[in-house]
Structure formats: structure tokens, C-alpha cells
Amino acid sequence: MALHALDPQALEERLKKSIRTIPDYPQPGILFYDITTLFQDPEAYKLAIDHLVERVRPFRPDVIVGPEARGFVVGGPLAYALGVGFAFVRKPGKLPREVVTAEYEKEYGPDSLAIHRDALLPGQRVVVADDLLATGGTMGATVDLVRKLGGEVVAAAFLIELAHLGGRKFLLEEKKVPEVVTLVRYSGEG
Numbered sequence: 001m002a003l004h005a006l007d008p009q010a011l012e013e014r015l016k017k018s019i020r021t022i023p024d025y026p027q028p029g030i031l032f033y034d035i036t037t038l039f040q041d042p043e044a045y046k047l048a049i050d051h052l053v054e055r056v057r058p059f060r061p062d063v064i065v066g067p068e069a070r071g072f073v074v075g076g077p078l079a080y081a082l083g084v085g086f087a088f089v090r091k092p093g094k095l096p097r098e099v100v101t102a103e104y105e106k107e108y109g110p111d112s113l114a115i116h117r118d119a120l121l122p123g124q125r126v127v128v129a130d131d132l133l134a135t136g137g138t139m140g141a142t143v144d145l146v147r148k149l150g151g152e153v154v155a156a157a158f159l160i161e162l163a164h165l166g167g168r169k170f171l172l173e174e175k176k177v178p179e180v181v182t183l184v185r186y187s188g189e190g
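To convert, note that position 93 of the sequence shown is 93 in the UniProt record's numbering; the numbers rise steadily by one, no gaps.
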């Protein structure tokens, strides 16, 4: 299937066919979107990354920053295809050099993320990337880390958006991310 043969709606439909939904996981009443099946489908994975590259290219990033773990699977290929660097965001204690940290709230309490202090140069244009946008908490903390290092967040990019959880609004309004790019959008349960 040719990269540009798919319009955004056809692309979304094709990618949704590669995403498994699992009811009542990790707890009753939750519909879990299992994106690992998309990564297992070589055609869908390539389509997703190729289309995300084309959507992100106009922002002219100097570096892609992605949180563990699936942000590596999205952000790494994105950085490679764009010919830019990739910076890792991890849980504290997982990076070997001096780090900067940011705290954020998860559904069960506070958590934190870290990035190497020398991962970015001040003024670098950054696209933050992950597999899925839900509430925006993880990506909000990632944005905070980039800004602590003097980077300029020019966009946030995701394969999937769970629109009903408000992450887009949080990133645009609370975190002042200029643009949020997604390929697949789910607007509610089911």
C-alpha cells in the first residue's frame, strides 16, 4: 500500500484494524486499546510512522523526545526518518548521568520522570512523541522537562488519541503546546 494512497480517514480505518481492544483491562469498566498489535503488523507500523513523519516534518524539529517505553518505539523511528536526534525520558534512577526531573499526577497518585541534563541544547526545536494520548499527564511532564532544559516544544505527536479523556485540551491550554498531531482518534468507550 503506497504511503500517500491513504487519506486521513482511510489511514485511521486501516490503523484501527490493527489495534486490539480489551474490555475490563486493567480493571472492570475500562476498555483498553492494545497498540502492541499495531507494532506487530509491519504494514500498519510502517504506515503509521511514515504518516507521522509527514505530519511532523513541517515543524522542523531538531530533536524528538519520547517517554518510556512506547515513546521510544514511536519517537525513535520518527527521529531516524527525520534525520534528527532522539532524547529518552525515563523513570528516575534509570538514566546513568545527571538528570532533571518533573513530577505529575497519575490516577493513583504522584509519579515523576527524568531526562539527562545534557539531552538538549537551549533553543532546540522539540517534538515530543508517544504512542497514545489519554489525559496528557505523562506528556505534560515530558513537556516540562524539555522546557527546564531550555528546549522549545513545537508539537506533540501521537499515534492514538483517546479524545474523551481530555489530553489534547490539557496540552494545548494548560501546557501551551502549539500543536497536537494524532493519526487515530477514539472519541469514547467502544
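Even for Gly, the Cβ is constructed at its ideal location relative to N, Cα and C.
Unbroken stretches of the beta strand (DSSP E), 3 residues or longer, contained in the segment 66 to 90: 85 to 90
Nearest candidate by alpha-carbon position, reference Gly123, set Pro42, Gly75, Leu149: Leu149
Thr138 classed as buried or exposed, judged by whether at least 16 other C-beta atoms fall within 10 angstroms: buried
Assumed close pair Val127, Val56 - CB separation to whole angstroms, cut-off 8 angstroms: 5 angstroms
Buried versus exposed call for Pro61 [16 or more other C-beta atoms within 10 Å across all chains shown]: buried
Those residues which DSSP pairs with Pro110 across a bridge: Glu105
Supposed contact pair Ala114 and Lys91 - C-beta distance, whole angstroms, cut 8 angstroms: 7 angstroms
Residue of Leu31, Ala129, Ala81, Leu47 minimising C-alpha distance to residue 197: Absent from the model: residue 197. The displayed extent of the chain is 1 to 190, so no value can be given.
Secondary structure of Ala119, DSSP reduced to three states: coil
Euclidean distance between Cα positions of Ala79 and Val63: 7 angstroms
Unbroken alpha helix (DSSP H) run spanning Glu12, endpoints: 8 to 16
Helix, strand or coil at Tyr45 [DSSP, three-state]: helix
Sequence-distant residues of its chain with Cβ nearer than 6 angstroms to Arg97 (five each side left out): His116
Own chain partners of Phe170 with C-beta closer than 7 angstroms, once the 5 adjacent residues on each side are dropped: Thr135, Gly136, Gly140
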